[in-house]
Amino acid sequence: MKLTLVTGLTGLILLATIVELLRRRQLREKYGMLWLGVLVIVIPLSLFPRLLDNVAELLGVASGVSLVLFLGIVFLLLVCVHLSWEVSHLEEETRTLAEDFALLRTEIDADRAARDELVRTDG
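Position one of the sequence shown corresponds to residue 1 (the numbering used here), numbered consecutively onward.
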């Protein structure tokens with residue numbers, strides 16, 4: 001009973017934290033919705049742990065704890081793959097922006113040199 005209460009309270013605290021981060025715009029909506037979806041599943045299962053045992057039995061898993069650990073690991077692996085994809089995309093975008101910036105700087109330097117040359121020849 002004590003673990004059920006602690007787990008339920010932890011889920012509710014995480015829910016409030018996610019909502020607050022979304023409200024302050026410190027967490028993007030797509031990630032907020034992901035975590036809210038997880039909490040919608042976790043909170044009821046934490047308050048009614050026997051439901052998990054029933055689901056594990058239906059899936060042929062030895063216990064609800066084994067099912068939670070397996071699903072948790074799979075979920076975290078999927079999050080890692082997604083975040084790796086996001087980082088790769090941002091690295092490519094950063095490289096492209098740096099190249100564009102270098103081209104613009106070269107163009108500005110060339111324009112300044114041409115202007116300085118024009119001023120010297122007119123002066």
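Even glycine gets a Cβ: it sits at the ideal position worked out from N, Cα and C.
For residue i, collect the residues of the same chain with a Cβ closer than 6 Å to its Cβ; drop the 5 residues on either side in sequence, then sort them by chain order.
{"i": "His82", "result": "none"}
Helix, strand or coil for residue i? Go by DSSP, reduced to three states.
{"i": "Val79", "result": "helix"}
{"i": "Arg95", "result": "helix"}
{"i": "Ser63", "result": "coil"}
{"i": "Arg27", "result": "Note that residue 27 corresponds to Leu in the displayed sequence, not to Arg. Three-state result, Leu27: coil."}
I need the boundaries of the alpha helix (DSSP H) containing residue i, first residue and last residue.
{"i": "Leu50", "result": "Sequence inspection shows Arg at residue 50; the Leu mentioned does not correspond to that position. 49 to 59 is the span of the alpha helix (DSSP H), which, as asked, contains Arg50."}
{"i": "Ala16", "result": "2 to 23"}
Report all residues from its chain with a CB closer than 8 Å to the CB of residue i; omit the five preceding and five following residues, and keep chain order.
{"i": "Ser46", "result": "Thr4, Thr7, Gly8, Thr10, Gly11"}
{"i": "Leu135", "result": "Here the chain covers residues 1 to 123 and nothing more, so residue 135 does not appear."}
{"i": "Arg115", "result": "none"}
{"i": "Glu92", "result": "none"}
- Are the region 22 to 35 and the region 50 to 67 touching, with three or more C-beta to C-beta distances below 8 Å? no
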